[in-house]
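Going by the UniProt record's numbering, the first residue of the sequence shown is number 1, and it counts up by one from there.
We treat Cβ as the ideally placed atom computed from N, Cα and C, and that holds for glycine.
Owing to the predicted nature of the structure, the values given are computational and were not obtained by experimental measurement.
Data first, discussion second: the structure below is written as structure tokens.
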Amino acid sequence: MQRQGWECSGDTLSLRMQIDEYVKQNLGRSIPQSLFSGYRKFIEQGSRAESEAVYFERRKQLAAFGLYLQYHRNTEEQYEEILNYFQELLWSVTNEFSWCVAAHLPQNKEGFLESPEFQIDLFAAETADTLAELLSIHADKIHPFLQGHIRRQISERIFEPFLRKNWWWETVQSNWCAVCNGCIGMAALLLEQGERKEKLLKKVDESLVHYLNSFGEDGACEEGIGYWVYGFGYYTYYIAMRKELDTSFHIEEKVLVKLRKLAEFPSVVQMNESSFVPFSDVPEKTLLPTGLLSYLQQEYEVEMPACTQITSFDFDHCFRFAHISRDLWWTDSRIFHTELGKEAVYLESRQWLLQRKDGYFFAVKGGNNQEQHNHNDTGSFLFAIDGELLLADLGAGKYTADYFGEKRYEHVHTRSRYHNLPLLQGQEQISTPEKCRVEQVIRKDDFAEITMELGKLYPVPELISLRRTLRSEMDKRGIKLTDSVKAANAVALEESFVTYIRPVLLEGGKLSIAGEKGQLLIAYENSILEYNLEEFSVENHYGVRKDAYRIGLRTRSESENITLLIQLFYEFSKS
């Protein structure tokens with residue numbers, strides 16, 4: 001489904017101009033080559049960046065040249081040169097050693113354990129879909145020999161292995177299920193016929209049930225907004241194509257109800273236009289594909305998050321064709337608006353409490369510490385003014401072998417020490433399926449409160465209970481944090497607060513965190529709590545380093561019963 005007139009619409013002009021510029025800049029250059037040195041860097045050091053930089057640059061070129069040729073006519077200057085370069089790209093990508101990224105290939109110290117070209121990961125499935133869609137779009141332009149070769153490679157590398165066995169991601173309740181199945185489904189819709197097509201689609205549809213089962217009735221995505229875009233995006237792209245090409249396809253009403261809730265999720269967790277709740281592995285800044293948002297608004301008639309223009313060409317560092325193409329084909333300026341909702345929402349399935357109004361944003365996370373893309377952060381919270389985090393969640397770290405291996409909880413992004421959480425006897429929370437118990441949630445006008453029992457998240461034998469209450473009172477411009485501990489023996493409690501802004505210690509048990517958008521004042525009883533500050537450098541998901549600070553407020557003495565009240569007051573900048 002392509003919106004009529006997208007090729008010349010003002011809604012898509014800026015994106016088309018960016019694609020045009022990129023194509024002209026790269027025309028005549030050598031196609032980036034995937035080298036052994038990149039794989040070796042991952043094998044020996046666990047670094048993904050070197051091999052993936054080349055991998056994604058090749059996908060960027062494929063998307064740009066493929067879309068350029070769709071909306072430019074063959075009378076354009078350099079058209080034939082661009083078409084020839086595009087076909088060389090198709091040849092080069094199709095013949096890659098593997099369509100998987102190095103981090104997803106089964107391997108040990110001696111080498112790859114299985115035939116790399118027949119492995120299916122997220123990116124292999126995406127490659128199959130991209131090639132299939134480009135074949136469909138440019139059937140009249142691509143050399144027939146090259147078309148036949150691409151079809152054979154998709155069949156041998158994706159369709160046949162998919163049908164030959166059951167893959168672990170077919171039933172996993174995460175973005176993997178949606179992306180892999182959605183891509184295979186789209187490729188099958190475009191390339192296959194008859195009995196094999198039916199087998200492929202049947203397997204895809206049965207598997208996607210598991211993806212939908214990963215969501216509660218409130219539509220909350222425990223993986224966060226980035227993986228909502230990824231997983232639900234590809235699920236949506238597949239469903240849209242299936243409905244367009246298969247008139248017999250039908251979605252049950254109870255499924256439609258859940259899909260509407262899923263479509264609303266971004267508007268619930270948005271802090272400002274480019275910032276969303278950064279729980280789990282969510283980058284600090286996230287842009288959403290406007291094509292996807294436009295389709296969801298039209299299809300489900302639900303509120304969309306604030307955005308003011310079409311998503312840029314480089315919003316997705318993986319340059320996924322499905323996102324970029326739908327941004328061109330589907331973006332409708334009727335989704336552009338700046339107003340954010342003003343309400344407190346409780347997402348019961350994930351135990352998230354969110355409150356937003358007039359630039360104020362407060363969020364608390366319950367759940368457990370064995371979620372998808374898990375951080376040990378149960379009971380943590382954050383606070384922002386106009387999208388600027390004054391009390392932060394560090395979000396996603398740089399993806400490496402260690403980050404997804406045994407050393408995951410040695411990273412600052414994932415440790416509870418570097419979340420807005422207490423330490424008990426110096427102990428952090430651990431990775432455990434034990435869920436926090438939410439005892440009470442109140443939402444009324446400008447007031448929101450949640451009480452949670454967190455005791456089972458800490459490996460402290462003498463701990464009986466650790467109860468946390470967070471109360472947001474917007475009319476008083478304040479947040480009250482109360483932590484109560486009961487233990488069999490005397491213990492010490494240390495509160496943690498994490499921020500990207502250097503705090504200033506004031507007199508009388510007060511701390512100031514002053515940002516560009518506003519200021520937060522932390523008030524505590526300094527006769528009971530001792531202040532310490534840890535400064536550290538943190539590398540984000542995209543490899544960018546920035547300074548961060550951990551404020552520690554530790555009890556000066558140990559006790560079997562501790563109750564701490566810490567008050568936070570905020571004000572907006574006057575400018």
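Extent of the continuous alpha helix (DSSP H) run through residue i
| i | result |
| --- | --- |
| THR236 | 233-245 |
| TRP329 | 321-330 |
| residue 576 | Lying before the first or after the last residue shown, residue 576 is absent from the chain, which here runs from 1 to 575. |
| ASP140 | From DSSP, ASP140 is part of no alpha helix (DSSP H); its letter is neither H nor E. |
| GLN25 | 13-26 |
Beta-carbon spacing of residue i, residue j below 9 Å
| i | j | result |
| --- | --- | --- |
| HIS138 | GLN70 | yes |
| THR12 | LEU328 | yes |
| ALA396 | LEU382 | no |
| LYS517 | PHE447 | no |
| LEU259 | TYR234 | no |
| SER92 | ARG58 | yes |
| ASN181 | TYR238 | yes |
| LEU390 | THR499 | yes |
| LEU134 | LEU191 | no |
| LEU529 | ARG550 | no |
| LEU553 | THR482 | no |
| ALA514 | SER559 | no |
| TYR531 | LEU568 | no |
| GLY366 | CYS318 | no |
| PHE56 | ALA401 | no |
Own chain, CB closer than 7 Å to residue i, minus 5 neighbours either side, in chain order
| i | result |
| --- | --- |
| PHE112 | LEU105, PRO106 |
| GLN429 | ASN369, ASN376, THR378, SER416, LEU421, LEU457, TYR458 |
| PHE265 | GLY219, ALA220, CYS221, TRP228 |
| SER214 | GLN173, SER174 |
| GLY359 | ILE385, ASP386, PHE572 |
| TYR403 | GLY397, HIS411 |
| SER537 | ARG545, ASP547 |
| VAL269 | ILE225, PHE276, VAL277, LEU354 |
| LYS243 | PHE249 |
| LEU340 | GLN270, ALA306, ARG356 |
| ILE310 | ASP11, THR12, SER14, LEU15, THR290, ASP327, THR331 |
Candidates the options, of which the one nearest residue i by Cα
| i | options | result |
| --- | --- | --- |
| ASP332 | PHE86, GLN297, GLY341 | GLN297 |
| GLU343 | LEU287, SER267, HIS411, GLU535 | SER267 |
| VAL485 | LYS476, SER537, GLY509, LYS456 | LYS456 |
| PRO278 | TRP352, GLU195, ASN95 | TRP352 |
| SER472 | VAL441, GLU80, LEU493 | VAL441 |
| HIS72 | TRP91, ARG58, VAL23 | VAL23 |
| ILE82 | GLY28, ALA102, LEU35 | GLY28 |
| SER98 | ASN108, ALA128, CYS177, GLU80 | ALA128 |
| ALA263 | GLN519, LEU293, GLU253 | LEU293 |
| LYS510 | ASN526, ILE501, ARG502, SER496 | ASN526 |
| GLU44 | SER34, ALA103, LEU67 | ALA103 |
| ASP445 | ALA240, GLY194, LYS357, ALA401 | LYS357 |
| THR290 | MET271, HIS323, GLN147 | HIS323 |
Opening and closing residue of the beta strand (DSSP E) in which residue i lies
| i | result |
| --- | --- |
| GLU133 | Counting along the chain, GLU133 falls outside any beta strand (DSSP E), though it belongs to the alpha helix (DSSP H) covering 122-137. |
| SER537 | 529-539 |
| SER512 | 510-514 |
| GLU467 | Sequence inspection shows Arg at residue 467; the Glu mentioned does not correspond to that position. Its beta strand (DSSP E) spans residues 463-473. |
| SER559 | 559-572 |
| ASN489 | 478-491 |
| PRO161 | Counting along the chain, PRO161 falls outside any beta strand (DSSP E), though it belongs to the alpha helix (DSSP H) covering 160-164. |
| GLN4 | Per DSSP, GLN4 belongs to no beta strand (DSSP E) and is neither H nor E. |
| GLU449 | 447-453 |
| GLU439 | 437-444 |
| ARG550 | 545-555 |
Other residues of its chain near residue i: CB distance less than 8 Å, five sequence neighbours each side excluded
| i | result |
| --- | --- |
| GLU439 | THR451, MET452, GLU453, ARG467 |
| residue 581 | Any property of residue 581 remains undetermined from this structure, which presents the chain solely from 1 to 575. |
| THR338 | GLU273, ALA306, THR308 |
| PHE162 | ILE120, ILE184, LEU200, LYS203 |
| CYS177 | TRP169, GLU170, THR171, SER207, LEU208, HIS210, TYR211, SER214, GLY231 |
| PRO283 | GLY226, GLY395, ALA396, ASN540, HIS541, TYR542 |
| GLN147 | LEU135, ALA139 |
| PHE145 | none |
| SER312 | SER14, LEU15, GLN18, LEU287 |
C-beta neighbour in chain D for residue i, strict 9 Å
| i | result |
| --- | --- |
| GLU217 | Annotation note: the requested chain D is absent from the structure, which comprises a single protein chain. |
Cβ shell of residue i (< 6 Å), same chain only, five flanking positions each side left out
| i | result |
| --- | --- |
| ILE562 | VAL485, LEU493 |
| GLU449 | ILE442, ARG471 |
| ALA64 | ILE19, TYR22, VAL23 |
| ALA124 | TRP99, CYS100 |
| residue 663 | This structure does not reach residue 663, given that the chain is present from 1 up to 575, and the question cannot be answered. |
| ALA364 | Note that residue 364 is Val in the sequence shown here, rather than Ala. Within the same chain, VAL364 has close Cβ partners LEU353, PHE381, ILE450, LEU470. |
### Task
Would you mind listing the alpha helix (DSSP H) stretches within the stretch 186-272 that are 4+ residues and don't spill past its ends, in chain order?
194-213, 233-245, 253-269
#### Entry: alpha helix (DSSP H) runs wholly inside the stretch 33-121, at least 4 long, in chain order
36-45, 49-71, 79-94
### Query
Whole beta strand (DSSP E) runs in the stretch 354-388 with 3 or more residues, listed along the chain?
360-365, 381-385
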